[in-house]
Amino acid sequence: MLILFCPYCGVKAEETELAPGGEAHLKRIGPDGTAEEFEAYLFARKNLKGVHFERWRHAYGCGKWFLAARDTHTMQVYGTYKAQTAHATDDIVANARQARPEWVPDWPQASEAVAG
Amino acid sequence: MPSRRYSVFAIAREALRQHGGWTRAWTSPEPRDRYQVVIVGAGGHGLATAYYLGRNFGITDVAVIEKGWLGGGNTGRNTTIIRSNYLQDPSAAIYDKALKLYETLSQDLNYNVMFSPRGLIMLAQTEHEVRGYKRTVHANTLQGVATEWIEPARLKELVPIINIDGPRYPVLGGLYQARGGTARHDAVAWGYARACSDMGMHIIQNCEVTGIETEGGQVRAVNTAKGRIGCDKLALVVAGHSSQLADMAGFRLPIESVPLQAMVSEPIKPCMDVVVMANTVHGYMSQSDKGEMVIGGGTDSYNAFTQRGSWHHIEETVRALVETFPMISRLKMLRQWGGIVDMTGDRSPILSTTPVGGIFVNCGWGTGGFKAIPGSGWAMAELVAQGRPGPLAAAFGMNRFREGRFIDESVAAGVAH
Ligand SMILES: Cc1cc2nc3c(=O)[nH]c(=O)nc-3n(C[C@H](O)[C@H](O)[C@H](O)COP(=O)(O)OP(=O)(O)OC[C@H]3O[C@@H](n4cnc5c(N)ncnc54)[C@H](O)[C@@H]3O)c2cc1C
Chain A
1 MLILFCPYCG
11 VKAEETELAP
21 GGEAHLKRIG
31 PDGTAEEFEA
41 YLFARKNLKG
51 VHFERWRHAY
61 GCGKWFLAAR
71 DTHTMQVYGT
81 YKAQTAHATD
91 DIVANARQAR
101 PEWVPDWPQA
111 SEAVAG
Chain B
1 MPSRRYSVFA
11 IAREALRQHG
21 GWTRAWTSPE
31 PRDRYQVVIV
41 GAGGHGLATA
51 YYLGRNFGIT
61 DVAVIEKGWL
71 GGGNTGRNTT
81 IIRSNYLQDP
91 SAAIYDKALK
101 LYETLSQDLN
111 YNVMFSPRGL
121 IMLAQTEHEV
131 RGYKRTVHAN
141 TLQGVATEWI
151 EPARLKELVP
161 IINIDGPRYP
171 VLGGLYQARG
181 GTARHDAVAW
191 GYARACSDMG
201 MHIIQNCEVT
211 GIETEGGQVR
221 AVNTAKGRIG
231 CDKLALVVAG
241 HSSQLADMAG
251 FRLPIESVPL
261 QAMVSEPIKP
271 CMDVVVMANT
281 VHGYMSQSDK
291 GEMVIGGGTD
301 SYNAFTQRGS
311 WHHIEETVRA
321 LVETFPMISR
331 LKMLRQWGGI
341 VDMTGDRSPI
351 LSTTPVGGIF
361 VNCGWGTGGF
371 KAIPGSGWAM
381 AELVAQGRPG
391 PLAAAFGMNR
401 FREGRFIDES
411 VAAGVAH
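The listed protein sequences correspond, in order, to chains A and B. Numbering follows our numbering, with no gaps: position 1 of the first sequence is 1. Numbering follows our numbering, with no gaps: position 345 of the second sequence is 345.
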């Protein structure tokens, strides 16, 4: 059973307590978006075999959304973090790199992460 | 050398020779350095694509490249339900084409795929489902697909072991397709593989595709564990790994990969000669020829590539089925396994050209593509041979997500099957 740490409640939650919300950090497209941008926002997913950032809701706990970095191949959880964060935190990146040295984050490295 | 024809005479002849004369059903050649068509993925859909390329279009300079063993993906892991009672017209057309091809597939391939049209019932256990399935029956009537709505009493006659007045969700009726049923999954893959091999095609197993070479927006070759293999046309038919192959070619697909699991019980005496699916409570069951109860349930709700699945889904499925079929409560389960299914937003497949010239994709069959194998292979062969979709594939292009032309089958595909 998948167990994730809820960064709001500070407790470990089993997957039956959680509701999955799919890929994290998608940028919402505004009214001026092109058909291609809307398609990408709504349907195109990275669907990575490896380090994956995703949304979860602590449905039977605090009810809040948080984010998780999980390996879709090994099921290892690299860490969870609050939803008001632009990118995964540095310690999560370090955990992921330790398990997968070839993996590099696909966002600019000087971390702009805002603590939530 | 083409394999020997299987027949009752061949069995008699071999019986007299202590079965020393059977030859291998397909060859395992080393790859050549180029083929006219390379197909990635030797599951049912990849092999059927190859077969109909040869049979319908005379294209036999074909290699099917497989990273594991043929039929070892979802094709060899599925619960083999075959039906064509979908809602939308394009779905009815391709699934019913597949069902019709299944009806004569053993004869066409000279290989017994054990197609068993034993009938299939989808239970309606809420008012909403009653209305949904009645609507499907009407749609099927217009499509020329014979299905009927049956009342609980008739259902109980067809499935004596069912509990129609279950405590949580009494059975209010069912959507019945008498032509639906099951087939032997491995045999479908093996039968197509043998026929492809007989036409001189190469099936190359244990050979992972690791890269795709393009030049000026046109496919040139694939890089594999056994070296570079050139091709004029490339068909990607890899189910759960479609996003990975698309990434190698530099485009994205509206696909997410999730585990779906199934299990079988110990074998028992014949007790149920139809397939029963219960979408509200999430479970379905049929009895195999060996007597095992074959059971499937829901997909995991998050992306993963482990062919295993979540424990609580097994619990959920079994709980639902014990309520529906109380007599199975003491059965022991023999095996449990998972496959990685490729889900699209509208629960319909993708058969499509791609942004790269010469590359075609067939994926998105999700939890229900075994039933479609012959029809999908037929339509995909047409797409690959002619470079544009024929009537069966036309509606399933990947641009439909951009254009908002969805083929919504979320009701028909309600439970994984
Ligand atoms: C538990 C379960 C139950 C199911 N029950 C039903 C059912 O009852 N009825 C029904 O109609 N459908 C059912 N399905 C769905 C059905 O199994 C699939 O839709 C169908 O088998 C897909 O066939 P395929 O040929 O596209 O994929 P697969 O059979 O998965 O074949 C794809 C192949 O591509 C290979 N591959 C992947 N990556 C590479 C690479 N890089 N290089 C080379 N090869 C590669 C894989 O090894 C695999 O063999 C079920 C699925 C599961 C998992």
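For each residue, glycine too, the CB sits at the ideal point set by N, CA and C. Quantities reported herein were computed from a predicted structural model and do not represent experimental measurements.
Next item on the list: Would you be able to state if there are at least three C-beta pairs under 8 Å between the segment 169-182 of chain B and the segment 127-142 of chain B?
Entry: yes
Note to self: Can you check whether the C-beta of B:Ser-3 is within less than 7 Å of a C-beta belonging to chain A?
What the structure shows: no
Check: How would you list, in chain order, the residues of chain B whose beta-carbon sits under 7 Å from the beta-carbon of A:Thr-16?
Finding: His-312
Check: Is any heavy atom in ligand 1 found nearer than 6 Å to the beta carbon of B:Lys-371?
Finding: yes
Next item on the list: Give the straight-line distance between the Cα atoms of B:Ile-161 and B:Glu-148, rounded to the nearest whole angstrom.
Entry: If I take the Cα positions, the gap works out to 21 Å.
Margin query: Using a 10 Å radius around the Cβ and a threshold of 16 neighbouring Cβ atoms, would you call A:Thr-74 buried or exposed?
Written below: exposed
Check: Is B:Val-318 helix, strand or coil by DSSP?
Finding: helix
Checklist line | Integer-rounded CB distance, given that B:Val-258 should sit under 8 Å from B:Tyr-302 | finding: 7 Å
Check: Does the Cβ-Cβ distance between A:Ala-99 and A:Gln-76 come in under 7 Å?
Finding: yes
Next item on the list: Assign B:Leu-47 to one of two classes, buried (16 or more other C-beta atoms within 10 Å of its C-beta) or exposed (fewer than that).
Entry: buried
Note to self: Just to confirm the assignment, what range does the beta strand (DSSP E) spanning B:Tyr-111 have?
What the structure shows: Per DSSP, B:Tyr-111 belongs to no beta strand (DSSP E) and is neither H nor E.
Item checked: Exposed unless 16 or more other CB atoms sit within 10 angstroms - verdict on A:Val-114 -> Only weak support exists for where A:Val-114 lies, its pLDDT of 47 falling under 50; the value from the coordinates is given anyway. Classification for A:Val-114: exposed.
Checklist line | Contacts around B:Leu-109, its chain only, beta-carbon distance under 6 Å, and the 5 residues preceding and following it disregarded | finding: If we look at B:Leu-109 and ignore the five residues flanking it on each side, its Cβ neighbours are Gly-191 and Ala-195.
Notebook entry, point to check: At a cut-off of 6 Å, is B:Leu-236 close to ligand 1 when judged by its beta-carbon and the heavy atoms of the ligand?
Noted result: no
Notebook entry, point to check: For B:Arg-135, does the three-state DSSP call read helix, strand or coil?
Noted result: Three-state result, B:Arg-135: helix.
Check: Say the cut is 6 Å; is the CB of B:Ile-81 nearer than that to a heavy atom of ligand 1?
Finding: yes
Notebook entry, point to check: Hey, quick one: how far does the beta strand (DSSP E) through A:Ile-29 stretch, first residue to last?
Noted result: Per DSSP, A:Ile-29 belongs to no beta strand (DSSP E) and is neither H nor E.
Next item on the list: Compute the beta-carbon to beta-carbon distance between B:Asp-346 and B:Glu-409, rounded to the nearest angstrom, for a pair I have assumed lies under 8 Å.
Entry: 7 Å
Check: My guess is that B:Met-398 and B:Glu-256 are in contact by the Cβ rule of under 8 Å, so how many angstroms apart are they, rounded?
Finding: About 14 Å; that fails the 8 Å criterion.
Margin query: If I measure Cβ to Cβ from A:Ser-111 and keep anything under 7 Å in the same chain, skipping five residues before and after, which residues do I get?
Written below: Any reading at A:Ser-111 needs caution, since the residue's pLDDT is 48, under 50, leaving its predicted position unreliable; the model's value is listed next. If we look at A:Ser-111 and ignore the five residues flanking it on each side, its Cβ neighbours are His-87 and Asp-90.
Next item on the list: Can you grab the Cα-Cα spacing for the pair B:Arg-4 / B:Tyr-102, in whole Å?
Entry: 22 Å
Check: Could one say the Cβ of A:Ala-86 lies closer than 7 Å to chain B's Cβ atoms, at least one of them?
Finding: no
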